[in-house]
Amino acid sequence: MAITATDQEKTGLGNYFIANYPQFSFWNATHLPEAEAALDRSPQPGVPLGLYLHIPFCRKRCKFCYFRVYTDKNARDIETYLDAITKEVELLSQRGCVGGRSLDYVYFGGGTPSYLSASQLDGLMTRLRQIMPWDQAREVTFECEPGTLQKHKLETLRAQGVTRLSLGVENFKAEILQYNGRAHLEEEIYRAFGWARDLGFPQINLDLIAGMVGEDWDNWKRCIAKTIELSPDCVTIYQMELPYNTVFSKELKVLGQDEPGLLIADWPTKRAWVRYAFDELEKAGYEVSSATTVVKSKAKTRFVYREALWRGADMFGTGVASFGHVNGVHIQNVDTWEAYIEKLDRNELPLGRAFPTTPRDRLVREVVLNLKTGHLDLDHFLQKYGIDIRVVFRSALDKLQNEGWLTVGEDAIDTTPDGLMQIDRHLPAFFDPQYISSRYT
Ligand code: SF4
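Heads up: the sequence shown begins at 14 in our numbering, then just goes up one per residue.
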């Protein structure tokens, strides 16, 4: 049966957003020797080094979540994991690729890093900082689920040098939070936000999701008004995807509804919600800094993790199933608890699969990821790669310019507002032929 334009705009199963290039489906275990070699090579001059730590625990599983998370681990399991991830950082810190660099950025993601108790966090961070200090880092981000926060936990994070708190709010309405499997309550959002402000965290980000199951225009407008009232430094808005292997994708199949798009807003509606949010936030003084983020001031409210990673920085991705990038090689850890713990027990790095990129891959990756900010500076690419990207990507740029998604200027390429809202669907225009139409994960 032919797929119509209307079908394409329904929210079907699968990942829609592009987070890396070449896609994960091309990474494999046969490239692990290249990963090992990259870890031993000295770094390229001027390339920063970051550290990502995956904390894979959550109070319950959100129905749209496809991350590697566990909701059934006890305190002992958690200690085992924290010992393992500390060991992993220690092993990495001894490799030649560090080359005397101190950490430029650190990111605690998940899962729910704030699921850990204050004393677990204090112990973990103290040990990690002894191995790889982050006192010089430009940014230390920590993701939180509002319902897991207490004031003393936030005090611990502040004392350990966290500079950027990211609060997973997603929505303010109890029924929607509950139906989508979120564990927190609205009052917990206000309480956590108030403590974070009182403690003077330099940057607070608030995450929202446009298009959670049960969402409608009236509630979405209320969510945006409440967000503006809280006045975070940064707001990140994701459009709801329906990846494979989520509770929702399975529930909907069990119900015999092979058209989950009927229950979830279609893409044009989700884009309209994001557009509305951006417009309202801009009226309130925010600036759009990417397809998913607005910030109070582009000059002051930086997101170092994203900027560095999208420009090709090195990053150790630690924890089960984590992704990283070192000396031109993409690396992912093994993706099961057992394999992860076992390898570290044997003092081995838990590497699972890898992909050695070519200079051309790295160029495409940087173009594609940075187009998600809505702006490409031509001079940057000229200085870094010695090329004019208007020439190298002429056919993709002509096509997207003719369709009205971006404009190619003398100094820069800029997306149009409509183009930015749906930039991910246009990025494959820049992919090399061998990487087109592959399943994303
Ligand atoms: S809190 Fe985040 S990581 Fe945990 S289940 Fe929900 S979406 Fe997944």
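Backbone N, C-alpha and C define an ideal beta-carbon position, used for all residues, glycine too.
Residue burial classification, residue i (beta-carbon count within 10 angstroms, cutoff 16)
i: residue 311; result: exposed
i: residue 139; result: exposed
i: residue 165; result: exposed
i: residue 195; result: buried
i: residue 240; result: buried
i: residue 346; result: buried
i: residue 257; result: exposed
i: residue 478; result: As shown, the chain starts at 14 and ends at 454. That puts residue 478 outside it, with no answer to give.
i: residue 179; result: buried
i: residue 385; result: buried
i: residue 444; result: buried
i: residue 43; result: exposed
i: residue 269; result: Confidence is the limiting factor: at residue 269 the pLDDT is only 46, short of 50, which leaves the residue's position unreliable, though a coordinate-based value still follows. Flag for residue 269 reads exposed.
i: residue 242; result: exposed
i: residue 100; result: buried
Same chain only: Cβ atoms within 6 Å of residue i, ignoring 5 sequence neighbours per side
i: residue 17; result: With a pLDDT of only 43 at residue 17, under 50, the local geometry of the prediction cannot be trusted, and no value is derived from it.
i: residue 356; result: 363
i: residue 181; result: 158 and 220
i: residue 448; result: 35
i: residue 222; result: 183, 251 and 253
i: residue 212; result: 167 and 171
i: residue 103; result: 144
i: residue 404; result: none
i: residue 137; result: 95
i: residue 317; result: 118, 151 and 152
i: residue 390; result: 425
First through last residue of the beta strand (DSSP E) which encompasses residue i
i: residue 369; result: 364-369
i: residue 425; result: 425-428
i: residue 157; result: 152-157
i: residue 177; result: 177-183
i: residue 390; result: 388-390
i: residue 380; result: Premise fails: residue 380 lies in the alpha helix (DSSP H), 372-384, not in any beta strand (DSSP E).
i: residue 67; result: 62-68
i: residue 419; result: 419-421
Close beta carbons around residue i, own chain, < 8 Å, minus the five adjacent residues each side
i: residue 235; result: 185 and 186
i: residue 394; result: 376, 379, 380, 400, 401 and 402
Host alpha helix (DSSP H) of residue i (start-end)
i: residue 192; result: 187-192
i: residue 136; result: 131-144
i: residue 170; result: 164-172
i: residue 410; result: 407-415
i: residue 53; result: 45-53
i: residue 211; result: 199-211
i: residue 31; result: Segment: none, residue 31 is in no alpha helix (DSSP H) and carries neither H nor E.
i: residue 437; result: 436-439
Close-in-space but distant-in-sequence residues of the same chain around residue i (CB under 7 Å, 5 per side omitted)
i: residue 435; result: 284
i: residue 291; result: 301 and 307
i: residue 372; result: none
i: residue 414; result: 420 and 421
i: residue 78; result: 259
i: residue 90; result: none
i: residue 228; result: 189 and 278
i: residue 124; result: 67, 68, 69, 70, 71, 80 and 82
i: residue 376; result: 398
i: residue 427; result: 387, 388, 419 and 420
is_contact[residue i, chain D] using C-beta, thresh 9 Å
i: residue 209; result: No chain D is part of this structure, which consists of one protein chain only.
(Q) Could you tell me which whole beta strand (DSSP E) segments of length 3 or greater appear in the region 89-123? (A) Taken in chain order, the complete beta strand (DSSP E) segments of 3 residues or longer contained in the region 89-123 are 118-123.
Q. Which runs of the alpha helix (DSSP H), 4 residues or longer, sit entirely within the region 288-363?
A. 317-323 and 350-358
Q.
Just to confirm the assignment: which complete beta strand (DSSP E) runs, minimum length 3, are found wholly within the region 220-281?
A. Runs of the beta strand (DSSP E) lying entirely within the region 220-281, each at least 3 residues long, are 247-252 in chain order.
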